[in-house]
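These notes concern the structure reproduced below.
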Amino acid sequence: MSLQVGFKYFPFKEIELKPRAFSHSISSLKIVQLSDLHLHKKVKLDYLKSLVEKINALSPDLVVFTGDIIQTPSKNILEQLQVFKNFDAPTYYVTGNHDIFYGSVPLKKTLEDNGVICLDNDVVKLNINGENIQLVGISDRYSFAKGIKRPIKELYASLDKDMFTLLLAHQPKDISHIKDTRIDIQLSGHTHGGQVFPFNYLVRLVQPYFRGLYTHNKTLLYVTSGLGYWGVGFRYKVQSEIPVIRVT
């Protein structure tokens, strides 16, 4: 399909990642990544309810949002955001630049009231399938414009170097901060894969990590083209996607 308009289907894409750069990894982890939804009042409740049902049917271990959840203040789409309380799996998110612009504080309250936990500049340790993992997140690079500091060095210094670590960061460029930190996998979005051909060629010029799988030092980076739309309300020759990531 060359032209996609609106939220009308469920473009699940299976991704297998095999991080092997560190001495101890994990044997099994299933993650559904949602990114760049850009929710607004015209996004249908029925679509979002079906989306949650279909994700639950996949039985993921984690559901993660990698930013740009909203395209309007959260008070305008409370019903849409409340749908996410129905996820069966633990659910976390980090902010994107649009979330910060439209109000990250009320968004955080609304999502956390519905079981979606903000991981901006924070880390949580989880036990999944009998294995311990670190899930760490950083707020968007645009945070500075709202006076939000990103204590990345301190955050990374606090991590357990012997534990499998998954990083959520809206913009793939934030992989540059990793350096010697143990990050097995970074999940990002933001680029939309360019969204509209041939504009995607211009996006490549400013986004060295554009779409798909990359390796940066010892870290695997997956950049999704995301689900929603920004600016023009369609995609042209750039597929949207919902990654279903299997870590093996």
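Numbering (the numbering used here), first residue to last: -15 to 232. Even for Gly, the Cβ is constructed at its ideal location relative to N, Cα and C.
Using CA coordinates, which residue listed in the options is at the minimum distance from residue i?
i: residue 149; options: 155, 192 and 170; result: 170
i: residue 223; options: 196, 200 and 230; result: 196
i: residue 162; options: 176, 140, 53 and -5; result: 140
i: residue 93; options: 128, 59 and 1; result: 59
i: residue 164; options: 137, 153, 172 and 157; result: 137
i: residue 128; options: 88, 29, 107 and 201; result: 88
i: residue 74; options: 44, 84, 37 and 176; result: 44
i: residue 112; options: 15, -1 and 6; result: 15
i: residue 200; options: 225, 230, 166 and 232; result: 166
i: residue 72; options: 1, 57 and 42; result: 42
i: residue 144; options: 157, 151 and 118; result: 118
Under a three-way DSSP split, which group does residue i fall into?
i: residue 71; result: coil
i: residue 87; result: helix
i: residue 61; result: helix
i: residue -15; result: Confidence at residue -15 is low in this model, with a pLDDT of 43, below 50, so its placement is unreliable and no value can be given for it.
i: residue 223; result: coil
i: residue 202; result: coil
i: residue 193; result: coil
i: residue 128; result: helix
i: residue 55; result: coil
i: residue 81; result: helix
i: residue 100; result: strand
Are the beta-carbon atoms of residue i and residue j separated by less than 9 Å?
i: residue 78; j: residue 123; result: yes
i: residue 204; j: residue 110; result: no
i: residue 227; j: residue -4; result: yes
i: residue 11; j: residue 96; result: no
i: residue 175; j: residue 210; result: yes
i: residue 100; j: residue 120; result: no
i: residue 55; j: residue 23; result: yes
i: residue 50; j: residue 154; result: yes
i: residue 173; j: residue 52; result: yes
i: residue 1; j: residue 229; result: yes
i: residue 103; j: residue 152; result: yes
i: residue 34; j: residue -6; result: yes
Using DSSP's beta-bridge definition, name the partner residues of residue i.
i: residue 175; result: Beta-bridge pairing links residue 175 to no other residue.
i: residue 151; result: 120 and 170
i: residue -2; result: 228
i: residue 111; result: 116
i: residue 66; result: Partner(s): none; residue 66 has no beta bridge.
i: residue 15; result: 46 and 229
Among residues of its own chain, excluding the 5 on either side of residue i, which ones have a beta-carbon nearer than 7 Å to its beta-carbon?
i: residue 132; result: 123
i: residue 9; result: 3, 148 and 168
i: residue 159; result: 170, 193, 200, 203 and 205
i: residue 134; result: 105, 122, 123 and 127
Only counting the same chain, and skipping five residues up and downstream in sequence, which positions put a Cβ closer than 8 Å to that of residue i?
i: residue 62; result: 94
i: residue 85; result: 126
i: residue 28; result: -9
Only counting the same chain, and skipping five residues up and downstream in sequence, which positions put a Cβ closer than 6 Å to that of residue i?
i: residue 239; result: Limits of the chain in this structure are -15 at one end and 232 at the other, which puts residue 239 out of reach.
i: residue 198; result: 205
i: residue 70; result: 36
i: residue 21; result: 53, 211 and 212
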